[in-house]
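For the sequence shown, the positions run 0 to 397 when numbering that gives the first Met the number 0 is used.
All C-beta atoms, glycine included, are put in the ideal place defined by N, C-alpha and C.
Heads up: the structure comes next, in structure tokens.
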Amino acid sequence: MTDRIYYTESSCRAFGAVVTRVVEHEGRPAVLLDRTAFYPTSGGQPFDTGRLGTVDVLETVDQDDDVLHVVSAQVAEGLRVHCEIDWARRFDHMQQHTGQHVLSAAFDRLLDNRTMSFHMGADAATIDLARDVSPADVERCVDEANRIVWEDRPVTIRFASPEEAARLPLRKEPVRQGPLRLIEVSDFDVSACGGTHVARTGEIGMIAVTGAERFRGGSRLTFVCGGRALRTLRTYRDAVVGSVRSLSVLPHELPSAIERMQLEHKQTRKTVSRLQASLAVHEASRLLAEAPEGDGIRVVVQVLDGWDASGLKAIATAMTAHEKVAVALFSSAPPIAVVVARSPDGGIDANAILQQLLARFGGRGGGKADLAQGAGLTGDPNEIIAAARSSIERSVRL
Ligand SMILES: [Zn+2]
0 MTDRIYYTES
10 SCRAFGAVVT
20 RVVEHEGRPA
30 VLLDRTAFYP
40 TSGGQPFDTG
50 RLGTVDVLET
60 VDQDDDVLHV
70 VSAQVAEGLR
80 VHCEIDWARR
90 FDHMQQHTGQ
100 HVLSAAFDRL
110 LDNRTMSFHM
120 GADAATIDLA
130 RDVSPADVER
140 CVDEANRIVW
150 EDRPVTIRFA
160 SPEEAARLPL
170 RKEPVRQGPL
180 RLIEVSDFDV
190 SACGGTHVAR
200 TGEIGMIAVT
210 GAERFRGGSR
220 LTFVCGGRAL
230 RTLRTYRDAV
240 VGSVRSLSVL
250 PHELPSAIER
260 MQLEHKQTRK
270 TVSRLQASLA
280 VHEASRLLAE
290 APEGDGIRVV
300 VQVLDGWDAS
310 GLKAIATAMT
320 AHEKVAVALF
330 SSAPPIAVVV
340 ARSPDGGIDA
350 NAILQQLLAR
360 FGGRGGGKAD
370 LAQGAGLTGD
380 PNEIIAAARS
390 SIERSVRL
């Protein structure tokens, strides 16, 4: 059974211990110590990392009465080691965890809204509240939680028998049997918890809720405390400062400015596609006018600048609305797109022509006898055009 120093002393960041056993955990070397300040993942709080003698502690795992330390290299049994916890990581976890107790207590006291679960991620933590909560109520509880932070109240650890605990105003019923470890935020909250906590609420620094969503009939709130609140503020600042500069608006005007731009963009797209459609008709007439008119089928093979695949299709469709036309149109910018089409009396199988081109110049595509589309052709444009022209002319003559 490992003596857990962090149970009574959350501020312990270095300690001496003896390696009592060497084991394996999921294929990696792991050791048990007679005593440890390394916190194993539990109760929503992630594990500690750090140094154990000359090796790294990569993960700490709760295993029944023991604490497993997954290490970067083998360590000898019986060795006396000096251990150090990665304090920046642990202190961050303590800020989030104590912050969670204060925040949950605020929702409990002001709204009688219970915290059902708590999860701490790498960038933000979440709590799931039993009931839905309005944005105004979230702000009210966040204000209350920060008041407790700024009053710098003591946070203490004490142990109680189940009988003693039953007489205390615990925020939620404990799930464990036997003696309970209680975390008390002076005159504000008492909860049964095995986690590590700061000694005074002032160390939490600040509690900020960054998101709220409906979740399982209640609310899931995302929050950040202390250093994470500062990092989040910096991220938001950089995003907002960059955006207001390029849009020339004030920060609070950003959402409506973006909405306006999206609307304008949608209207512009509509206008462009209408103009493109009418331009396609003109382009089709121009191309047909240039094509030699005889009693046979008019063949048009062209590279068109500034048209994408859908533009090429619109032009080809407009051209083949005329009688006796067979066309192959290519985009100028790589990867080259192509449309092959014909009028009902156009004399070619458009898909067959396309497949011949794809077989020789690569790319993919398909279609029917009257219209086929492809993209991703590679090679010398002049060679591609020559190939298209000769295979169309060959099948027209047949
Ligand atoms: Zn806790």
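| Check | Outcome |
| --- | --- |
| Measure the beta-carbon distance from proline 402 to histidine 92 and round it to whole angstroms, keeping in mind my assumption that it falls under 8 Å. | This structure leaves residue 402 out entirely; the chain is present only between 0 and 397. |
| Looking at glycine 362 and alanine 371, is the spacing between their C-beta atoms short of 9 Å? | no |
| For ligand 1, which residues count as neighbours when the test is a C-beta closer than 5 Å to any heavy atom? | Cys192 and Gly194 |
| Of all the options Leu31, Asp122, Thr1 and Ala75, which has the alpha carbon lying nearest to the alpha carbon of threonine 234? | Asp122 |
| Following the continuous alpha helix (DSSP H) through threonine 267, name the residue where it begins and the one where it ends. | 253 to 289 |
| Round the Cβ separation of alanine 279 and alanine 313 to the nearest angstrom and send it over; I've been treating them as touching at under 8 Å. | 4 Å |
| Restricting to Cα atoms, I'd like to know which of Leu311, Leu31 and Phe37 is closest to glutamate 8. | Phe37 |
| Return the bridge partner residues of glutamine 219 from the DSSP annotation. | Checking the sequence, you will find arginine at residue 219 rather than glutamine. Looking at the DSSP assignment, arginine 219 forms a beta bridge with Asp127 and Glu212. |
| Is serine 242 helix, strand or coil when you go by DSSP? | helix |
| Do the stretch 151 to 164 and the stretch 128 to 141 make contact, defined as three or more Cβ pairs closer than 8 Å? | no |
| Would you say valine 298 and glutamate 392 are within 9 Å of each other, going by their C-beta atoms? | yes |
| To which residues of the same chain is valine 54 closer than 7 Å at the C-beta, ignoring the five residues directly before and after it? | Val70, Ser71, Ala72 and Val74 |
| Should threonine 1 and arginine 34 be called a contact, given that it needs their Cβ atoms to be closer than 9 Å? | yes |
| Using a 10 Å radius around the Cβ and a threshold of 16 neighbouring Cβ atoms, would you call glutamate 143 buried or exposed? | buried |
| For the alpha helix (DSSP H) that contains leucine 356, what are its first and last residues? | 349 to 360 |
| According to DSSP, simplified to helix, strand and coil, what is alanine 315? | helix |
| Given that a residue counts as buried once 16 or more other Cβ atoms are within 10 Å of its Cβ, and exposed if not, what is aspartate 63? | exposed |
| Confirm, please, whether the CB-CB distance from arginine 259 to glutamine 94 is below 9 Å. | no |
| From glycine 225 to glutamate 202, what does the alpha carbon distance come to, in whole angstroms? | 8 Å |
| Do three or more CB pairs link the stretch 236 to 252 to the stretch 108 to 118 at distances below 8 Å? | no |
| In the DSSP assignment, find the unbroken alpha helix (DSSP H) run with aspartate 142 in it and report its ends. | 134 to 149 |
| Kindly list the residues whose CB is nearer than 6 Å to the CB of proline 39, restricted to its own chain and excluding five residues on each side of it in sequence; keep chain order. | Phe46, Thr59, Val60, Asp61 and Val66 |
| Report the three-state DSSP secondary structure of leucine 57 (helix, strand or coil). | strand |
| Excluding the 5 residues preceding and the 5 following phenylalanine 329 in the sequence, name in chain order all residues of the same chain whose CB lies nearer than 6 Å to its CB. | Val302, Ile335 and Val337 |
| Which residue from Ile347, Ala387, Ser247 and Pro168 puts its Cα closest to that of glutamine 355? | Ala387 |
| Given this structure, state the Cα-to-Cα distance separating serine 389 from serine 247, to the nearest angstrom. | 56 Å |
| Where does threonine 114 sit, in a helix, a strand or coil, going by DSSP? | strand |
| In the DSSP assignment, what residue or residues form a beta bridge with threonine 155? | Glu183 |
| Would you list the one or two residues that DSSP bridges to leucine 167? | Answer is none; leucine 167 lacks a bridge partner. |
| Would you kindly work out how many angstroms separate the C-alpha atoms of threonine 195 and tyrosine 6, rounded to a whole number? | 7 Å |
| In whole angstroms, give me the CA-to-CA distance for arginine 180 and glutamine 99. | 17 Å |
| Output needed for isoleucine 182: all residues of its chain with C-beta closer than 7 Å, excluding positions within five of it in sequence on either side, in chain order. | His100, Val154, Ile156, Ser190, Cys192 and His196 |
| Nearest to aspartate 369 by alpha carbon, out of Ser331, Glu322 and Thr377? | Glu322 |
| Note the first and the last residue of the continuous alpha helix (DSSP H) segment covering serine 389. | 380 to 396 |
| Since phenylalanine 46 is in the beta strand (DSSP E), which residue starts that stretch and which ends it? | Careful: phenylalanine 46 lies outside any beta strand (DSSP E) and carries neither H nor E. |
| Where do the ends of the beta strand (DSSP E) carrying phenylalanine 37 lie? | No beta strand (DSSP E) contains phenylalanine 37, which DSSP labels as neither H nor E. |
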